Structures are given as structure tokens and as C-alpha cells.
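The block underneath contains the structure these notes are about, expressed in C-alpha cells.
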Amino acid sequence: MIKLLKIEFKKILTYKIFWILTGLYFVFLTVGLLMAEFMINNIVDNTNKHLPIPIPHVTIYFFPWLWQNMTFFATIRYVMIFPAIVIIILITNEYTFKTIRQNVINGMNKAEILISKLLLILLISAVMTVLLALGTLIIGIAHTSDLSLVQVLEKSSFMIGFFLTMMTFQIYALFFGFLLRNTGLSIALFTLYVFIAEPILYHFLKSPIVFNNNISPYLPVNAALSITEYPSIPVLKKLVGLNLQDSISISACLIPMGYAALMIGIVYWALVKMDL
Amino acid sequence: METVLSIANISKRYGKIQAVSELSLEVKKGQVFGVLGPNGSGKTTTLSVILDLIKANSGTFQWFGQEPTNESRKRIGSVIESPNFFPYLSPVINLKIVADIKDLGYEDIDRVLHLTGLYDRRNTRFKTFSFGMKQRLAVASALLGNPDVLILDEPTNGLDPQGIAHIRELILQIASAGTTIIIASHLLDEIQKICSHVAVLNKGKKLFDGKVSEVLAISDSFDLSAASIELLSSTIRLHPAFQSLLPGIDKIQVFFKDEIDAEELNRFLFQHGVTLTHLAERKRSLEQHFLELLDNNNK
Numbered sequence: 016m017i018k019l020l021k022i023e024f025k026k027i028l029t030y031k032i033f034w035i036l037t038g039l040y041f042v043f044l045t046v047g048l049l050m051a052e053f054m055i056n057n058i059v060d061n062t063n064k065h066l067p068i069p070i071p072h073v074t075i076y077f078f079p080w081l082w083q084n085m086t087f088f089a090t091i092r093y094v095m096i097f098p099a100i101v102i103i104i105l106i107t108n109e110y111t112f113k114t115i116r117q118n119v120i121n122g123m124n125k126a127e128i129l130i131s132k133l134l135l136i137l138l139i140s141a142v143m144t145v146l147l148a149l150g151t152l153i154i155g156i157a158h159t160s161d162l163s164l165v166q167v168l169e170k171s172s173f174m175i176g177f178f179l180t181m182m183t184f185q186i187y188a189l190f191f192g193f194l195l196r197n198t199g200l201s202i203a204l205f206t207l208y209v210f211i212a213e214p215i216l217y218h219f220l221k222s223p224i225v226f227n228n229n230i231s232p233y234l235p236v237n238a239a240l241s242i243t244e245y246p247s248i249p250v251l252k253k254l255v256g257l258n259l260q261d262s263i264s265i266s267a268c269l270i271p272m273g274y275a276a277l278m279i280g281i282v283y284w285a286l287v288k289m290d291l
Numbered sequence: 115m116e117t118v119l120s121i122a123n124i125s126k127r128y129g130k131i132q133a134v135s136e137l138s139l140e141v142k143k144g145q146v147f148g149v150l151g152p153n154g155s156g157k158t159t160t161l162s163v164i165l166d167l168i169k170a171n172s173g174t175f176q177w178f179g180q181e182p183t184n185e186s187r188k189r190i191g192s193v194i195e196s197p198n199f200f201p202y203l204s205p206v207i208n209l210k211i212v213a214d215i216k217d218l219g220y221e222d223i224d225r226v227l228h229l230t231g232l233y234d235r236r237n238t239r240f241k242t243f244s245f246g247m248k249q250r251l252a253v254a255s256a257l258l259g260n261p262d263v264l265i266l267d268e269p270t271n272g273l274d275p276q277g278i279a280h281i282r283e284l285i286l287q288i289a290s291a292g293t294t295i296i297i298a299s300h301l302l303d304e305i306q307k308i309c310s311h312v313a314v315l316n317k318g319k320k321l322f323d324g325k326v327s328e329v330l331a332i333s334d335s336f337d338l339s340a341a342s343i344e345l346l347s348s349t350i351r352l353h354p355a356f357q358s359l360l361p362g363i364d365k366i367q368v369f370f371k372d373e374i375d376a377e378e379l380n381r382f383l384f385q386h387g388v389t390l391t392h393l394a395e396r397k398r399s400l401e402q403h404f405l406e407l408l409d410n411n412n413k
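Heads up: the protein sequence lines correspond to chains A and B, in order. Under my numbering, the first residue of the first sequence carries the number 16, and numbering increases by one thereafter. Under my numbering, the first residue of the second sequence carries the number 115, and numbering increases by one thereafter.
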């Protein structure tokens, strides 16, 4: 295990594309976070023009709701695509450079090849979770007046949701990489599926004219990204009166994990069956 | 002698093409075993099967007398087709990855880099290497940790004459230390210079195998005739370079171990009391011989 991680670590340590794409994830996340409050308050201002009693400005940066808001913004598909592309590149590189053949020649078995990439995903997800938690603590402490431990950590379980989303989403990417083997094709098809194919399918299945059923939320990407489904803005909640998510549900976690397990199984089967 | 590799009836088909057909081979410890054949004769496919890269449709193989596992592959150093490394990493990091996989320490890396003349470039990225250097790094990686067996697929392919000489010298040096070496090549000359044993493949089939000296032993032959064929036959056997004799009706064809020139042969026979009535030299190059072998198979 440690040996496999050591090998994977050598591959990413000086790999510029890895650091650039991972960096872009955090850049886009930061931009998104900064814009979110600004845009919400913009809407509030516009609405206030027609209201006798103005709605107060909202803030999304305070504890304990910040945990939920951070994980919501950190798992929208526009930022999640970056770590997914990283995984696709790291896997298809092995086919492009034929190093996967060389690794087998040198004495790796097919299971170890798959496990080493899964361990890498685990490591990347863990490190990103820690980084996001640190960022959340810094922003939260700067914006929250009541810094009692209970207040600060109450909703921190959303971090587990983030970790699971990050992990399962990257396993989806791994699935595309291992089966398609070609970098460009894998990235193109994965992006196409995440941004176009599944959203269309989602609305198609949901539309009352067609099926009017509840399958839509169980589509793989939607299921993974819905572990942390909504941001939480208490003021707006009261106003709108919606009863939105305020904790991580175990069943919401199990569905994408089931997909991930299935994909790992298929990839392993394909690795064993197919010539390298 | 201990058997390092035994292949039994391996066949591999790619669609309509039968890449390898019912191939059986045995490589013993300490042999430098050449797999000789033209392009597309199934050499690389065979090597890919015994290294678990592709699955044979039928047949079995054993390494070190046991069923093959990834542990047995760790005792083998291989260069197959092209040098496969991470282009953005330096040779040292690439070799560290190989060492990690093979459960070796890093202390051997400097030695193999020195051996292949890449030590000065050890920290430059692989993608800046010339093809010759890439090929040398592949050899370096195969040598890592002194493997029991070395498998080299066209090891001098694409190298300049100096590089070819360097790699061949290196192979002979490793062979002299007792390492078993398996080399695939389409170059007869290369197999002849390096190998002790050879198997000749064509269209996925083994034509024959054996000691290089026997299989590829070609000396020039002479057609000779004299008044008494009997006396001629007994006298020619006394020649120090005599190898074999093919009797004909009114002449004999004689093969020699070394190169013999006609004048010397004539003098030798005359001194021994035989006067030739006919002497014709038959020249045949190794390449010609090899082509003939393949040709016979194609008919």
C-alpha cells in the first residue's frame, strides 16, 4: 500500500499539469465563493425595490452554516471537473506513455495498478478535504462573532460529505480513463456526460409528460453532487419557507458509493480481461 | 541444467492473423538465447505473452520451473518494443519507480546509469533524450538489481553504430557474468555475434532451434573432383578446418569451419598427393542462408 502510494507520489510531485489543474480548482472555488454573496445580495437589492419592508443583506460566511455553504460551492460541477480531469490525465498517461505495460513487465499485477490509482484518489480527496476545512476555518473565524466550539463545529460533518463527493466523482473519472485509455477522448466524453448528457437525461426523466418518476436524482453525477445539495442561508430559508437540507443523509451518500463500487468492479474486470 | 523458461504450445491470434502458432521453447540458465525472425514473425508477441502483457489463446509457460506470477517477473529485466518512461520525469525518478515496483533499493541506480553512459544526464527530463539515450535508459532499467534473466526486444534498434557496439559489448559482459539473456532480433548478424542459442521464427512458427554454431554454421563450401573420389574424400578429412562432406556422383561438396581460400585448399590437397580435376568455390552469405531458411519454410 505504502509502496504503491510512494510510486504514485513520484509521478505527481513534479508534474506541472497536476499542480496547475488542482490549483485551478481552488482558484475557481475562491472566485465562486466571493461572487456568491455578492450576487445573492444583488438579487436582494433588486427585490427590495418592490418591497415595503426590505430584506436584510445576507452573509454566507458564518458558522455553523459556512461548512454547508463551502461544501456546496466546492462540489458544483464547474469546479469538480478539474480534479476529475486530473485523474483522467494521470490514468490515460499510463497508456499514452505505455508505462502501464512497463509496470506489469516489472512485476506489478493488474489489481495493484487499479489499487494504486484508488489510493491516489483517496489521498487527493483527503488532502483537498483538509485544505477546504482549513479555508473554512479561516473564513469562518473572520466572519463569525460567536466562536464557541459548538457554534464553530456544529455542521462540520458536511466535510465528510465533501470527501465522499470528491472521492466518488474522481472514481467516475477513473472509470472513463481506464476504459477509454485515450486522454482527449476520455476528457471529452466525461465532460460531455457531466455537463450535457446527464442534465438532459435528468430533465427528460423528470418531465411529467414523459415519465414523471423519481429516477432523476439517482443518476450517477447528480447523486454524487447531491450529497451536499444546497447552500444554507437561514434568513432566506425563513422568508421562502422551504425546508431544505441541513445535514448529510446517509442514504444520499450510499447511492454514489454504490456506483463507484460498481465502476471499480467493471474496471478491474476489464483490466484482467483485456490485453495491455 | 536448470530451465529458466519453458514455453509449451503457445498460440496467439489477432483476428485473422495467427501471430504465434504452437510455439514451444526452452531456455536454460546461462544461455544467451536469440529469437530470430523477420518483422511480424511473432517475436514481440511471444515476449509479450511470457511477460503477461497479453494472454495467449492456448498454451502455457513457466518461469524458473513454476507457474508465472508477478513475483517471478520481478526477477526479470525487460526491454520490450519502445522505451516506456514518464517523459516529464528524470531518469533517476523513472528508475526509482522501477526499483519501487521490483522491491529494490535505490543504491543500484547510479551503477546502471554509469554502465549505460547516462550518469551525466541523470537529472534531465526523459523527453529531452535522443532515441539512443532512451533506448539506453530502457537497458539501464532492465539491468536494475541484477535480474536473473534479461529480456531484450530489438535492443539495438534505432541506435547509431557506436551505440550498437556499446550495447552489444554490455550484453556480452552481462552474459559472461552468468545472467540468462533472451534477445529478439531480426538481425542475423546481431544474433550471431551475441547469442549461444537461437530459435528461428517465421509467421509465428518455430522453424528450428539449437546452438548458434550448429544452426547458423555456414562456411563457404567447395565443389571438388579428382580422379579418385575416394582418395579425395579421405584426404580432405585431414584438413584442420574440415567440417562436413556431401558426396555427389562425380564430385563432392565440402564444408569448412573457417574461411578457406581456393589456392590454399588446392596446395593442401596437392601436397597430400591428390590432383584436382575440378575446383569451384560456393560463396553464401549468412544473410542469404537465413533468407533461404525462411524461403524454404514459405514454400
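Don't be surprised by glycine CBs; every beta carbon is placed ideally from N, CA and C. This one's a predicted model, so the numbers in the text were calculated from it and none came from an experiment.
A check of alpha carbon separations from Gln306 of chain B across B:Ser290, B:His392, B:Val193, B:Lys325 identifies B:Lys325 as the nearest. Residue state for Gln145 of chain B is assigned as coil, using DSSP reduced to three classes. Per DSSP, Asn237 of chain B lies in no alpha helix (DSSP H) segment and is marked neither H nor E.
Counted as a single uninterrupted DSSP element, the beta strand (DSSP E) harbouring Pro361 of chain B occupies residues 356-361.
Exclusion of the five residues before and after Tyr220 of chain B leaves Lys210, Ala213 as the residues of its chain whose Cβ lies within less than 7 Å of its Cβ.
For a cut-off of 8 Å, the C-beta gap from Thr37 of chain A to Thr243 of chain A is around 20 Å, too long to register as a contact. Annotated three-state conformation of Glu136 of chain B is strand, per DSSP. Nearest CB-CB separation between Ile103 of chain A and chain B: not below the 7 Å threshold. Among the CB atoms of chain B, one or more fall inside 7 Å of the CB of Ile120 of chain A. Note that the C-beta distance between Met123 of chain A and Ile215 of chain B is below 7 Å. Taking the C-beta atoms as reference points, Gln145 of chain B is found no nearer than 7 Å to Thr349 of chain B. Take the alpha-carbon of Ile128 of chain A and the one of Ser172 of chain A: they are about 32 Å apart. For the set B:Lys126, B:Phe147, B:Ser155, the Cα lying nearest the Cα of Ser172 of chain B is the one of B:Lys126. The CB of Lys26 of chain A comes closer than 7 Å to the CB of Phe200 in chain B, given here in chain order. Put simply, the stretch 142-158 of chain B touches the stretch 310-320 of chain B. At least three CB pairs are less than 8 Å apart.
Within 8 Å of the CB of Leu291 of chain A, the CB atoms of chain B belong to Leu167, Ile168, in sequence order along the chain. None of the residues of the stretch 266-288 of chain B has a beta carbon lying less than 9 Å from any beta carbon of chain A. The DSSP-derived three-state label of Asp224 of chain B is helix. When the Cα atoms are used, Ile22 of chain A and Val101 of chain A turn out to be separated by approximately 17 Å. The shortest CA-to-CA distance from Ser131 of chain A to any of A:Ile279, A:Leu179, A:Phe88 is the one to A:Ile279. Among the residues facing chain A, Asp214 of chain B is included, as its CB has a counterpart in that chain under 7 Å away. With a cutoff of 7 Å on beta-carbon distance, Gly246 of chain B and Ser135 of chain B are scored as not near each other.
For the set B:Ser244, B:Asp274, B:Asp337, B:Thr238, the Cα lying nearest the Cα of Leu360 of chain B is the one of B:Asp337.
For Glu52 of chain A, the CB contacts under 8 Å within the same chain, skipping 5 residues up- and downstream, are Val73, Thr74, Ile75, Tyr76 in chain order. With respect to the C-alpha of Arg196 of chain A, the residue from A:Tyr110, A:Thr45, A:Ala203, A:Val165 having the closest C-alpha is A:Tyr110.
Within chain B, the residues Tyr202 have their CB atoms less than 7 Å from the CB of Tyr30 of chain A, given in chain order.
Distance from the CA of Asn108 of chain A to the CA of Phe240 of chain B, rounded to the nearest whole angstrom, comes to 15 Å.
Collapsing the DSSP output to three states places Val73 of chain A in coil. Sequence-distant Cβ neighbours of Ala267 of chain A in its own chain, meaning closer than 7 Å and more than five residues away, are Ser241, Ile242. Here Tyr128 of chain B carries a strand assignment [DSSP, helix/strand/coil].
The C-alpha of Ala340 of chain B is placed about 7 Å away from the C-alpha of Leu346 of chain B.
Any Cβ of chain B closer than 7 Å to the Cβ of Lys64 of chain A would place that residue at the interface, and such an atom is absent.
Phe200 of chain B is classed as buried because its beta carbon has at least 16 other beta carbons within 10 Å across all chains shown. For the alpha helix (DSSP H) assignment, the uninterrupted runs of no fewer than 4 residues enclosed by the stretch 156-241 of chain A are, from N- to C-terminal side, 164-168, 173-195, 198-207, 213-221, 235-240. For Thr230 of chain B against Leu251 of chain B, the beta-carbon gap comes to about 7 Å, under 8 Å, which counts as contact.
Close to Asn184 of chain B, with beta-carbon spacing below 7 Å, are these residues of chain A in chain order: Gly122, Met123, Asn124.
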